[in-house]
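Structure, as structure tokens:
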Ligand SMILES: Nc1nc2c(ncn2[C@@H]2O[C@H](COP(=O)(O)OP(=O)(O)OP(=O)(O)O)[C@@H](O)[C@H]2O)c(=O)[nH]1
Ligand SMILES: [Mg+2]
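Protein chains in written order, with my numbering: chain B, 1 to 302; chain D, 1001 to 1446.
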């Protein structure tokens, strides 16, 4: 009997889901943020359809609040795997009056992304969006199906999800509805890192230890290098040069850093193994309330 | 904290919880995660804070898995939660399922991919109808291993006699099942952690392993290489390009059948039968992104090329030439009905989804329903309401190729999808094929 390792199992399961998505939908897209989960997902998509090119584009919902390293990486990666890229701009949603920008020092465009995402989905008539969400990230995500149904308003109904049995995925839908599909549902943060190590996947430099100007706010280490986060006058003298890395990479305003000297994948794996906090513990968007993620997901967040 | 397992050696065990409402399933999973140090500080802090806010007498570990607002408000589980943890010996994927009868479909969702089920019983209440329903479903789904967790032993003074009586009652019920799983009973207190990770001092009379010791070592059967080879086709890879690939050469004529090996193995050169055309051919290539492979093994994904121009696509299947599947338009199946607003009866129509196939199907007969408490077959009513389990006969618009569920979980399972709402309304497991539709005597038992 040939036993397979858990990483082989997870890889094969993700490829299976990616192929199901291509087969069951008219026009899918893969949500690509430049974070490690979406990088792994796109990497797996390349494997799933090899030697063909990806049968769907990558879609980046761009808040405009980016780390330049992430955008640079995105453009390189898209070339590297021979994919095409669609960008949805939150700035455009603001300019069009579709959304109102949050004001103040803790302002974040994270919530606005939902409107831009739903608008981009409608404009391009995408009927399925592949997301890199993992069930180990957050308690509401732990409840979500691989094929997650969204109604005509893009909303998730957590109390009424379709049963999902064996390896049979039901992507049937009415006109105007769509699906979010999560091929990495069963992966943990550790699985992602061990896979990145096994496959030698290049990552944005933000994931590795580097020097950065940092402001500490509500226990979070936030970026003060890009100038995207506005600082109070009394905060300005407190900006410190620190040795940090990011455990997740997203919108600058809600991505917290951790102090770290881990500069190789092996060192990161060891650090993740010893971590006492979840990676989402570094994210401001989840700290807003106990049900923050569930509420955002219901409205159509990733 | 995520234990550093050796990624090249670790095996994976998938298990599910089952049992009636409030038997302590979510608490047990919380305890297992907590005692195996799989909980992060911020997660624990959040649970402590919300336990306090709710006025719970102790830290409510069930809140670690009850992630939805409605679940925390009502203190029950509504939908299955997936949790992950690892010990140096194994990786685990847990499905924590609801005990409430209304949400049986979510219990079945969690159980359909499990190798082992932990069935909890409240020691004060003993074996009740919901215990029997879930045990019956676990056996129907062919989960080969059951842990009978006799929980809340702290509330019955860790009394051995209470435990023995419950185990005996359970075994008396389980004897009536067609498919007898292997049962490992363990006395427990999920709340306090007795016999969950470590052996408890309160049960000196119990000589078996703790739950975690058992989970780390139990050998489960999953798809083995010795089974018949089954490769459902998901997608056809056609680069439509004159690019040259380093390993595959000119891609102009490349036509690969993409899918996942459900069971058995293939080697290059194997004689195969390709459904639906049932044409014979030979395997010329087994490919992954890494390059050509000699062998395709169970559970892994490949792109397979064959010698002849064969007409197959999504919904088709490749098998060994001397190991054909059953093919039939009509067959019998056990189903579990999930819809709350509609019933299933003779002449009901559905989309039937089986492997990667989607065909129209009609119910030609309802053979019997099962009375869960007595396991008796009843024929009084031909209508299935929410959570009913029983046997029906289905006729498809075109033949499907399958194995009985008892032989193959992938090629023997299907779901029924409502034509109006597109909801998944039933889980089905094929039992019999009817060779000649309409002729009852031609039924072949497999
Ligand atoms: N005394 C005692 N109480 C327990 C034990 N296990 C669970 N409980 C309590 O029983 C209640 C129900 O526990 P849950 O874990 O939510 O039950 P459940 O089986 O997950 O319930 P559903 O998911 O809704 O079916 C909670 O108040 C727990 O604290 C135990 O071993 N001893
Ligand atoms: Mg529960």
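Here a beta-carbon is modelled for each residue, glycine too, at the ideal position from N, C-alpha and C. Being a predicted model, the structure only gives us computed values, none of them experimental.
What are the start and end residues of the alpha helix (DSSP H) that includes residue i?
| i | result |
| --- | --- |
| residue 195 of chain B | 189–199 |
| residue 1212 of chain D | 1211–1217 |
| residue 1107 of chain D | 1104–1111 |
| residue 228 of chain B | It is not in any alpha helix (DSSP H) - residue 228 of chain B carries neither H nor E in the DSSP assignment. |
| residue 44 of chain B | 36–49 |
| residue 1275 of chain D | Run containing residue 1275 of chain D: none in the alpha helix (DSSP H); it sits in the beta strand (DSSP E), 1271–1275. |
| residue 76 of chain B | 68–80 |
| residue 1164 of chain D | 1160–1174 |
| residue 1116 of chain D | First-last for residue 1116 of chain D: 1116–1122, but that is the beta strand (DSSP E), not the alpha helix (DSSP H). |
Between which residues of its own chain and residue i is the CB-CB distance below 6 Å, once the five residues before and five after are set aside?
| i | result |
| --- | --- |
| residue 228 of chain B | 65 and 252 |
| residue 20 of chain B | 169 |
| residue 1386 of chain D | 1340 |
Beta strand (DSSP E) containing residue i: first to last residue?
| i | result |
| --- | --- |
| residue 1187 of chain D | 1182–1187 |
| residue 1060 of chain D | Element bounds for residue 1060 of chain D: n/a, residue is neither H nor E. |
| residue 1074 of chain D | No beta strand (DSSP E) holds residue 1074 of chain D; the alpha helix (DSSP H) holding it covers 1069–1074. |
| residue 1401 of chain D | 1389–1402 |
| residue 241 of chain B | 240–246 |
| residue 1050 of chain D | That residue, residue 1050 of chain D, is in no beta strand (DSSP E); its alpha helix (DSSP H) goes 1041–1054. |
Using only the heavy atoms of ligand 1, determine whether one of them is closer than 7 Å to the beta carbon of residue i.
| i | result |
| --- | --- |
| residue 1109 of chain D | no |
| residue 1033 of chain D | no |
| residue 1195 of chain D | no |
| residue 1121 of chain D | no |
| residue 196 of chain B | no |
| residue 139 of chain B | no |
| residue 1152 of chain D | yes |
| residue 1185 of chain D | no |
| residue 1148 of chain D | no |
| residue 1385 of chain D | no |
| residue 1095 of chain D | no |
So which residues of chain B does residue i contact, with C-beta pairs closer than 8 Å?
| i | result |
| --- | --- |
| residue 1079 of chain D | 143, 158, 159 and 161 |
| residue 1413 of chain D | 165, 166 and 168 |
Once you ignore the five residues that flank residue i on each side, which residues in its own chain have a CB closer than 8 Å to its CB?
| i | result |
| --- | --- |
| residue 1360 of chain D | 1349, 1350, 1351, 1352, 1396 and 1397 |
| residue 1012 of chain D | 1090, 1091, 1092 and 1093 |
| residue 1345 of chain D | 1363, 1366, 1382, 1383 and 1384 |
Could you give the distance in angstroms between the alpha-carbon of residue i and the alpha-carbon of residue j?
| i | j | result |
| --- | --- | --- |
| residue 1124 of chain D | residue 114 of chain B | 49 Å |
| residue 1068 of chain D | residue 158 of chain B | 8 Å |
| residue 1440 of chain D | residue 1331 of chain D | Only weak support exists for where residue 1440 of chain D lies, its pLDDT of 44 falling under 50; the coordinates are left without a value. |
| residue 1335 of chain D | residue 1302 of chain D | 31 Å |
| residue 191 of chain B | residue 1371 of chain D | 44 Å |
| residue 166 of chain B | residue 1110 of chain D | 9 Å |
| residue 76 of chain B | residue 1394 of chain D | 53 Å |
| residue 1426 of chain D | residue 1338 of chain D | 5 Å |
| residue 232 of chain B | residue 255 of chain B | 19 Å |
| residue 1437 of chain D | residue 1329 of chain D | Caution applies to residue 1437 of chain D, whose pLDDT of 40 falls short of 50 and renders its modelled position unreliable; the model cannot decide the point. |
| residue 85 of chain B | residue 1227 of chain D | 43 Å |
| residue 88 of chain B | residue 79 of chain B | 19 Å |
| residue 1105 of chain D | residue 1369 of chain D | 17 Å |
| residue 24 of chain B | residue 1431 of chain D | 28 Å |
| residue 178 of chain B | residue 1200 of chain D | 50 Å |
| residue 5 of chain B | residue 1293 of chain D | 17 Å |
Along chain B, which residues have their Cβ under 7 Å away from the Cβ of residue i?
| i | result |
| --- | --- |
| residue 1423 of chain D | 162 |
| residue 1239 of chain D | 51 and 52 |
| residue 1067 of chain D | 139, 140, 142 and 143 |
Output needed for residue i: all residues of its chain with C-beta closer than 7 Å, excluding positions within five of it in sequence on either side, in chain order.
| i | result |
| --- | --- |
| residue 1156 of chain D | 1123, 1124 and 1162 |
| residue 288 of chain B | Because the pLDDT of residue 288 of chain B is 47, which lies under 50, any placement of that residue in the model is unreliable, and the number read from its coordinates should be weighed accordingly. Contacts found: none. |
| residue 1429 of chain D | 1140, 1333, 1334, 1405, 1412 and 1413 |
| residue 1316 of chain D | 1233, 1274, 1275 and 1276 |
| residue 183 of chain B | 14, 17, 18, 41, 44 and 130 |
Using a C-beta to C-beta distance shorter than 9 Å, which residues of chain B count as neighbours of residue i?
| i | result |
| --- | --- |
| residue 1170 of chain D | Neighbours of residue 1170 of chain D on chain B: none; closest Cβ ~26 Å, over 9 Å. |
| residue 1351 of chain D | 170 and 172 |
Mind listing the chain D neighbours of residue i? Cutoff is C-beta to C-beta under 7 Å, in chain order.
| i | result |
| --- | --- |
| residue 9 of chain B | 1012 and 1299 |
What do you reckon, is the C-beta of residue i under 7 Å from a heavy atom of ligand 2?
| i | result |
| --- | --- |
| residue 1062 of chain D | yes |
| residue 1077 of chain D | yes |
| residue 1025 of chain D | yes |
| residue 1056 of chain D | no |
| residue 1098 of chain D | yes |
| residue 1066 of chain D | yes |
Mind pulling the chain D residues with CB within less than 9 Å of residue i?
| i | result |
| --- | --- |
| residue 47 of chain B | 1288, 1289, 1290 and 1301 |
Report the neighbours of residue i on chain D: residues whose CB is nearer than 8 Å to its CB, in chain order.
| i | result |
| --- | --- |
| residue 22 of chain B | 1235 |
Can residue i be considered in contact with ligand 4, in the sense that its beta carbon sits closer than 7 Å to one or more heavy atoms?
| i | result |
| --- | --- |
| residue 1021 of chain D | Judged by which ligands are present, ligand 4 is missing from the structure shown, whose ligands are ligand 1 and ligand 2. |
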